[in-house]
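Right, one structure below, let's go through it.
Number of protein chains: 2
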Amino acid sequence: MSQDSFKKYLLTEFNIQFNDDSLLQEALTQRNYLNEHQDESGRDYQRLEFLGDSVMQVSVAEYLFKRYPNWHEGQLTEMRIAMVQTRSFAHFSRVVHLNEGIRLGKGEEMSGARDRDSLLEDIWEAFIGALYLDQGLEAVSVFLDQTLFAAIDTDFFDRFIDFKSRLQEKLQKNGAVDIYYRTESEQPLAGNTQLFEASISVDDHELARGTGKSIKDAEKAAARTALKLLEDK
Amino acid sequence: MSQDSFKKYLLTEFNIQFNDDSLLQEALTQRNYLNEHQDESGRDYQRLEFLGDSVMQVSVAEYLFKRYPNWHEGQLTEMRIAMVQTRSFAHFSRVVHLNEGIRLGKGEEMSGARDRDSLLEDIWEAFIGALYLDQGLEAVSVFLDQTLFAAIDTDFFDRFIDFKSRLQEKLQKNGAVDIYYRTESEQPLAGNTQLFEASISVDDHELARGTGKSIKDAEKAAARTALKLLEDK
Numbered sequence: 001m002s003q004d005s006f007k008k009y010l011l012t013e014f015n016i017q018f019n020d021d022s023l024l025q026e027a028l029t030q031r032n033y034l035n036e037h038q039d040e041s042g043r044d045y046q047r048l049e050f051l052g053d054s055v056m057q058v059s060v061a062e063y064l065f066k067r068y069p070n071w072h073e074g075q076l077t078e079m080r081i082a083m084v085q086t087r088s089f090a091h092f093s094r095v096v097h098l099n100e101g102i103r104l105g106k107g108e109e110m111s112g113a114r115d116r117d118s119l120l121e122d123i124w125e126a127f128i129g130a131l132y133l134d135q136g137l138e139a140v141s142v143f144l145d146q147t148l149f150a151a152i153d154t155d156f157f158d159r160f161i162d163f164k165s166r167l168q169e170k171l172q173k174n175g176a177v178d179i180y181y182r183t184e185s186e187q188p189l190a191g192n193t194q195l196f197e198a199s200i201s202v203d204d205h206e207l208a209r210g211t212g213k214s215i216k217d218a219e220k221a222a223a224r225t226a227l228k229l230l231e232d233k
Numbered sequence: 001m002s003q004d005s006f007k008k009y010l011l012t013e014f015n016i017q018f019n020d021d022s023l024l025q026e027a028l029t030q031r032n033y034l035n036e037h038q039d040e041s042g043r044d045y046q047r048l049e050f051l052g053d054s055v056m057q058v059s060v061a062e063y064l065f066k067r068y069p070n071w072h073e074g075q076l077t078e079m080r081i082a083m084v085q086t087r088s089f090a091h092f093s094r095v096v097h098l099n100e101g102i103r104l105g106k107g108e109e110m111s112g113a114r115d116r117d118s119l120l121e122d123i124w125e126a127f128i129g130a131l132y133l134d135q136g137l138e139a140v141s142v143f144l145d146q147t148l149f150a151a152i153d154t155d156f157f158d159r160f161i162d163f164k165s166r167l168q169e170k171l172q173k174n175g176a177v178d179i180y181y182r183t184e185s186e187q188p189l190a191g192n193t194q195l196f197e198a199s200i201s202v203d204d205h206e207l208a209r210g211t212g213k214s215i216k217d218a219e220k221a222a223a224r225t226a227l228k229l230l231e232d233k
């Protein structure tokens, strides 16, 4: 996608139009591209990445702080770490087609950098840094509401959360209890895979069940269900 | 200092008046204080600390980004790390008398927590988190302009910066050069201490000198002076 197409896409999809186009350009420019185009006077994305990194931290922290008024700081921190990380940012860079807009050096292009998570994380942060400078924190929040924050409701970040530890912490808050995971069944699926069902019991009382393609995943699903049951009480 | 006196101090000294006093109260309340005062329904400072941590990150990042338009992201990061850390926050907690306003549990009071750097760092972050929620990022910047940011001009953070590595990086940017530190003199000072003078030479050409109470400090001062000379060119 050319930078012009990308600008149109941002406007159509997210109602974002940069006041200062050079900020968007800087966020999407990799160092070796500039080495190969000595006539260009701009910068690469790295200073904007520095800024965008902390803009992401504060945006996510404020969002979680307000959305989960009853979470303690340990839960907030765990969720923030799950959201603010390479794999997550790389995913959303692809979702909003940032990867297609990057101006890469030829060597990086040849070696497949355009699809490399570490570059896509950097570009995500640089884009957020540029949007922040151009339009402020509120505009960043509106953009994240449509991307990263929306993904909370689809359980996107659950893969990064240690539900078993969290459940254990919750159950043992008022003293030791006996927590027991048991594999209840396994059944063959297509493609040489299996589906496991695990149960979790506390002091011999079954609390919840979960399924997954490994015993670990099934136990995690059971812990997640148990946590939801406990939080709804 | 009572919380009322502290509120007056904030108003007189920094022109800060909270719209929601309970936020300030929460920022200054330690968990065991609440355990000992079961009639109080408020929270302790830990959630605000979670938020304030990232507010500090973004405030400092934006300040450095704008103040040093020619620094690359490595220099920006190094300075941010120097500014956003326990010893620095504890220092400024004392400067603005936050330590005097904390509501501590009795055990913590007895054990001297009121003057403990780790607690004072937490309280600084919690206060910043409260100020951010109450009045926004701009108000935080104005407050930091009078405290943390002002300290840049007094070289307060220099103690945390590795000037020798930074100079070496700068000098060897375009290839290896021979960097040589030499102790030029030492003279006795009062109280069994000494003052050292060190010089730094590059390819046998003396670049700068510095003094300090140890050879290490003298070399650091020389590297700092050399860096300033190079940046002014």
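Those sequence lines, one after another, are chains A and B.
Using UniProt numbering, read the first sequence as starting at 1 and increasing by one per residue.
Using UniProt numbering, read the second sequence as starting at 1 and increasing by one per residue.
Every residue gets a Cβ at the ideal spot worked out from N, C-alpha and C, and that includes glycine.
If we ignore side chains and look at the alpha-carbon of each, how far apart do residue i and residue j end up?
i	j	result
B/G74	B/I81	11 Å
A/D117	A/R87	6 Å
B/A221	B/F156	14 Å
A/E219	A/I200	7 Å
B/K228	A/E40	29 Å
A/M79	A/G52	19 Å
B/R103	B/D44	9 Å
B/I215	B/I161	17 Å
B/F196	A/L48	41 Å
A/A61	B/G212	42 Å
B/Q17	B/Y9	10 Å
B/F170	A/L24	Looking at the sequence itself, residue 170 of chain B is Lys, so the reference to Phe does not match. If I take the Cα positions, the gap works out to 29 Å.
A/H91	A/Q38	32 Å
B/E186	B/D178	24 Å
A/G42	B/V55	29 Å
A/A198	A/L11	47 Å
A/D20	A/Q194	53 Å
B/F6	B/S59	24 Å
A/R182	A/Q168	15 Å
B/R124	A/L133	In the sequence as presented, Arg is not what sits at residue 124 of chain B; that position holds Trp. Going by the C-alpha atoms only, they are around 26 Å apart.
B/K66	B/K106	44 Å
residue 249 of chain A	A/E13	No information on residue 249 of chain A is available, as it lies outside the stretch 1 to 233 that chain A covers here.
Which of helix, strand or coil does DSSP assign to residue i?
i	result
A/A198	strand
A/Q38	coil
B/Y45	coil
A/S165	helix
A/Q146	coil
A/T193	coil
B/R103	strand
A/N32	helix
B/R116	coil
B/Q17	coil
B/S111	coil
B/A176	coil
A/D153	helix
Looking at the unbroken alpha helix (DSSP H) that takes in residue i, where does it start and where does it end?
i	result
A/H205	Premise fails: A/H205 lies in the beta strand (DSSP E), 205 to 212, not in any alpha helix (DSSP H).
A/Y68	Where A/Y68 is concerned, there is no enclosing alpha helix (DSSP H), given that its DSSP letter is neither H nor E.
A/Q3	3 to 14
A/R182	Premise fails: A/R182 lies in the beta strand (DSSP E), 179 to 188, not in any alpha helix (DSSP H).
A/Q25	21 to 27
A/R87	86 to 95
I want to verify the contact list: residues of chain B whose CB lies under 7 Å from the CB of residue i, in sequence order.
i	result
A/E49	E73
A/A61	F50, L51, S54
A/Q57	S54, Q57, V58
Check the Cβ of residue i against every Cβ in chain A and list those closer than 9 Å, keeping chain order.
i	result
B/F65	R47, L48, F50, L51, G129, L133
Next on the checklist: Beta carbons nearer than 8 Å to chain A: which residues of the region 134 to 151 of chain B have them?
Outcome noted: Cβ contacts with chain A come from L137.
Item to check | Contact list for the region 26 to 55 of chain A against chain B, Cβ threshold 8 Å | outcome: Correct list: Q46, R47, E49, F50, L51, D53, S54, V55.
Checklist entry - Which residues, in chain order, does the region 75 to 88 of chain B contribute to contact with chain A at a C-beta distance below 7 Å? => result Those residues of the region 75 to 88 of chain B that come within reach of chain A (Cβ to Cβ, closer than 7 Å) are L76, T77.
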